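To keep things clear, I will list the structure first and then write my remarks on it.
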Amino acid sequence: RYQSAKFLESLKQESPDIVTAIEQVSEQPLYYNQTVWEMRKAAANPDLARTMQELAMAVEANPHPQIIDGLVHLLESTYDNLTLREAAESLGKIDPGNQKTIDGLAYLLGFTFDDDIHREAAESLEKIGRGNQKAIDSLVHLLGFTSDDWTRWIAAESLWKIDPGNQKAIDGLVYLLRFTFDDDIHREAAESLGKIGMGNHKAIDSLVYLLEFTSDDRTPSGAAENLGKVDTGNQKEIDGLVHFLELTYNNNTYKRAAEILGKIGRGNQKAIDSLVNLLRFTSDNQTRTLAAKILEKIGTGNQKAIDGLVHLLGSTSDRKIRTLPAKILGKIDPGNHKTIDSLVHLLESTSDDRTRLRAIKILGKIGTGNQKAIDGLVHLLRSTSDKKTRTLAAKILGKIGTGNQKEIDDWLHLLGSTSDYKTRSRAAEMLGKIGFGNQNAIHGLVHLLGSTFNYRTHRIAAEILGKIGIGNQNAIDGLVHLLGFTSDDYTRLIAVSSLGKIDPGNQKIIDTLVHLLKPTSDNYTRRKAASSLGKIGIGNQKAIHGLVHLLRSTFDDETRALAAENLEKICRGNQKAIDHLVYWLVSTSDDETRPLAVENLRKIDRGNQKTMNSLVHLLRSTFDDETRTLAAEILGKIDPGNQKVIDSLVHLLRSNSDDDTRTLAAEILGKIGIGNQKAIDGLVHLLESASDNYTRREAAEILGKIDRGNQKAIDSLVYLLESTSDNYTRREATESLRKIDPGNQKIIDSLVYLLESTSDDRTRREAASSLEKIGMGNQKAIDGLVQLLGSNSDEKTRALAAKILEKIGRSNEYAIDGLVQLLGSTSALWIRREVAESLVKIGRGSQKAIDSLVQLLEYIYDDDTGWIAAETLEKIGRGNQKAINDLVHLLESTSGHKTCWIAALSLGKIDPVNQKAIDSLLHLLESTSDDKIRREAAESLWTIDIGNQKAIDSLVHLLKSTSEDYIHWIAAESLGRIGYNNQKAIDGLVNLLKSTSDDYTRTLAAESLWKIGRGNQKAINGLRQLLRSTSDNYIHSIVKPCLYIIDTGSTFDDLRDLSDNNNGFRFKKHHWLFLLLCFSLAIAIGFIFTFSIEDTLIKNAIPTVENMEKE
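According to the working numbering, the sequence shown is numbered sequentially starting from 147.
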């Protein structure tokens, strides 16, 4: 290529026109060699340049026989090497299998000695000569006489492709491997052999030879890889890889060779030995890891593989590397004695704790029941001082050695012989794990109890027996014997605890525990013994006696509390226990102990009379208020209704105890003394004697619970209300009174008194709320609330009073007067509404309520109150003739516009067609100059009498008589509501459209016309005229929909005329069809729906008209 490029460059300099001509002729990219060939011919004969170019293109596009003949002739006739090489290459691209082409290339191989030509010809034959004998013979011949290694390799490669398995191709590659020293050639030849030499001994031998004798680092990897391809399991191949591993020091090569052995050497000892050596002598962790993984595949059950992995486990400090062989050892031979032996040996030989830990874990997986594994771990436990190692070894032993007699014997021996406490503890722990139910283990521990005087050993042995000797008589006898001769209390406790586990209910255990309760023992021991008795001594008299004695003899509150708690568990109903608990309750000064004693008493025997007597005695005899409180509380829980208990509590109420204690006694009486006269008398005494209001109020409330309606309780609370100035007390007393006797007049009197006497609004509200619950229909209660309405209380209080009157004062005239008065006097609108609602509820049909409201109208000066009063009258006095007459009289006699309006409005509501009301409103419209009153009068007309001709005439007159736009708005809107289909109303509105220049007035008039003037020609003409007279888009948007609705005939013509006159726009046929559809829909909906629906239609129609105008 370099020579060709150089030639091309010189050609460009010598004959630039030729190069340009060739490049211009080329219409598609040419192969580089073709182009050089063409240039070479063109340079030799410039006149033929174009012909050669066309010939080359034709050869590739259409391999015509004449062209092929021409090229073959060229091969035979030219002596120029470059031309021959290019011709050979071109022939390789055309017509595969053509014999003439193959003959020409074969001729070229035998005729020339140029290696480049040989290679080109060989490669071309590879492409076109598959299976052709002449091509095969030519390549074989080339392999025989060429001395160029690259040519030989290409010839061999080509030969293999056209004749797979050809021995001469393999021989050629083998020759290259043995007799050339070019490493690149070696690698290429090795790769080719990997493809074609499957199972061929010569190929295998050559690749092994290459592994042994090459000095290039990269070549062996390729050789090894190709060995893996040509013959899996071949011993010679394996030997070669092994030999190579022994010689090389390159880690990458190590890895590659090891990988190949993993594929071909399963079970092969040499391969395994080689990998084991690799594990021992390489320092590269990746290589070690790879070798270990390969041994996992090929070395299952192989002792050397196991030893190698064990050695790796012990020799490496890398945690990851240690983990791998441990994992593999568990897989390649689980349970194999050789693996276990190796691991045990590792435990003994290494001093590295991490290695030991790893070996212990593997033994835990593969050594279950294996004596050597167990012995190794036991030995390790004895010899090592490392805490982690001992802990793990003990754990694994518990897993793999359960029930192993030899291990049990070893631990027993260790337990008896060592003086090290930690070792003993470990031995004991192990026996507890592996010796469950084992007779020898139990016998050994019992023997240990009798043969040693070391109390620590006794404790450990006793504890283990509690775990492994359940139900075993030998273990029971040994522990009982220990209890008899040991003087150490803690040892006794452990022995007792173990006996309780293996033989519950054994009398000797209870006797021992009772013995431990004696004062000679320390408090800790006594408490432990008491707890044990609580578990095993249920109903046992000796256990009960022992705990009772402990209660009496100890001064330690914690010990006494524990004794009491366990007594409650084992002696329910036992009188002696009860007596001692009461005694303890009386004698203890510990605040935390007393409640416990009381609770235990309650649990032991609920309702026991002796318990009652003891507690009653305690109530009477003690001067400690807290003790009294506790006793009273427990009495209230264990026997409600017991007379002795009630007498004691009453006694407590009459004593000089503090108020809190007396209050507590009163509360308990409230629970247990319902209906009991003595309890009632005691509470009455408390009411009279208590010095603080809280106690008196509590006593009164409790008295009300146990004797509902008790007059003394009521009198006391009433007295409390009248005598105290404390608002809180008064409120609470009020609530208590309400609970005691609803409806009692004295209580109502007291509550009314409270309303009158206090200035505290919260207290007033509380009293009022109480009256609501108990004062239904009571005149005094009503009077009090009415008086509250007129007081100086805050608005919230007065509103509440009005609400309560609504409930308790139905049809009560005094209540009605009060509400009407509040309605007229308050300035708070929300209160007016509340009062109005109350009036409606309590005054419906009441003449008094109606008369009071009519009288109120004369003095109302604000609109909201006027509206509220009128609405209230409408609800309670509709059709009431007296009210109608009074309102007519008020209209005739008043000169105030505001009063006149309110009276007329009210009259219209209770008598909708009353002409007097209509006349009054019309007069107001004409006479007042107050726009607001005019507006209200007009609005009032809407609600009184739709269609009233006098009202319509007055409104039309109002339109003519004033030029004020605001009055026009009111009158136009009013006519739209009351003048449906009335010609005078329509004429007035049409005239307004003509006379006013105010756009808003026009739109109001137009909207009123569509409401009242459907189909009316004057209304239609008026709206048409308005549309013609203005170009204002806003007015058009309002008026056009109105016109749609009221006119069904000629509206289209007007709209068309308007469109013609408006910016030159003309409707087309499809516009009219669309409008016709909209128009029909609008008419249909207009006749079906109400006025409010029509409003929505108008709004929807406006955008449609605007869009049509834009179009």
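Using N, Cα and C, we set each Cβ at its ideal position, and we do this for glycine too. As the structure is a prediction and not an experimental result, all values here were calculated from the model.
query	result
Let me know if P1187 comes out buried or exposed under the rule of 16 or more other beta-carbons within 10 Å of its beta-carbon.	buried
How long is the line joining the alpha carbons of I656 and K715, rounded to whole angstroms?	15 Å
In chain order, which continuous runs of the alpha helix (DSSP H) of length 4 or greater are located wholly inside the segment 557-632?	567-580, 585-597, 601-614, 619-631
Taking C-beta to C-beta, are V456 and L489 nearer than 9 Å?	yes
Tell me where the alpha helix (DSSP H) around E1119 begins and ends.	1111-1124
Which of helix, strand or coil does DSSP assign to G964?	helix
Of all the options Q967, K953, I996, I520, which has the alpha carbon lying nearest to the alpha carbon of S984?	K953
Could you give the first and the last residue of the continuous alpha helix (DSSP H) run that contains A927?	925-935
Compare the C-alpha of S1143 against each of Q1163, D1133, W1115 and name the closest.	W1115
Taking 6 Å as the limit between beta carbons, can you name the residues of its chain near K647, skipping five residues before and five after?	G612
Taking buried to mean at least 16 other C-beta atoms within 10 Å of its own C-beta, is K1028 buried or exposed?	exposed
Between the beta-carbon of E881 and the beta-carbon of E912, is there less than 9 Å?	yes
Can you name the start and end residues of the alpha helix (DSSP H) that I274 belongs to?	261-274
Determine, using beta carbons only, whether K507 and I554 come nearer to each other than 9 Å.	no
Contact check, S1100 vs E1072 under 8 Å by CB: the rounded distance?	7 Å
Counting C-beta neighbours from all protein chains within 10 Å, is the total for I418 16 or more, i.e. buried, or is it exposed?	buried
Just confirm the distance between the C-beta atoms of I1158 and Y1126, as a whole number of angstroms; I'd bet it's less than 8 Å.	5 Å
Measure the C-alpha to C-alpha separation of A641 and F599 and round it to an integer number of angstroms.	15 Å
Distance cutoff 9 Å, beta carbons only. Does V490 sit that close to anything in chain B?	Chain labels in this structure do not include chain B; a single protein chain is all it has.
What separation, rounded to the nearest whole angstrom, lies between the Cα atoms of D521 and S677?	42 Å
For the alpha helix (DSSP H) holding N839, just list the boundary residues, first then last.	839-852
When you compare the CB positions of L1121 and A1131, do they come within less than 9 Å of one another, or not?	yes
Exposed or buried, E834, counting other C-beta atoms within 10 Å across all chains shown (16 or more means buried)?	exposed
Pick helix, strand or coil for I950, following the three-state DSSP scheme.	helix
Excluding the 5 residues preceding and the 5 following L946 in the sequence, name in chain order all residues of the same chain whose CB lies nearer than 8 Å to its CB.	R911, A914, S915
Exposed or buried, what is R698 when buried is set at 16 or more other beta-carbons lying within 10 Å of its beta-carbon?	exposed
With distances taken Cα to Cα, identify the nearest neighbour of A1063 among A1083, I818, R265.	A1083
Note down the Cα distance separating W296 from D249, rounded to an integer number of angstroms.	23 Å
If we count the other Cβ atoms within 10 Å of its Cβ and call it buried at 16 or more, is S1025 buried or exposed?	Residue identity differs from the one stated: residue 1025 is Gly in this sequence, not Ser. It counts as exposed.
Taking just the CA atoms, how far does Y899 sit from I848?	24 Å
Could you tell me if S896 is buried or exposed, where buried requires 16 or more neighbouring beta carbons within 10 angstroms of its beta carbon?	buried
Measure from the alpha carbon of D907 to the alpha carbon of each residue in N1128, K885, D940, I886, then state which is nearest.	D940
For L663, which three-state DSSP category applies?	coil
Going along the chain, which residues of its own chain have a beta-carbon closer than 6 Å to the beta-carbon of I486, five neighbours each way excluded?	G513, N516, K518, A519
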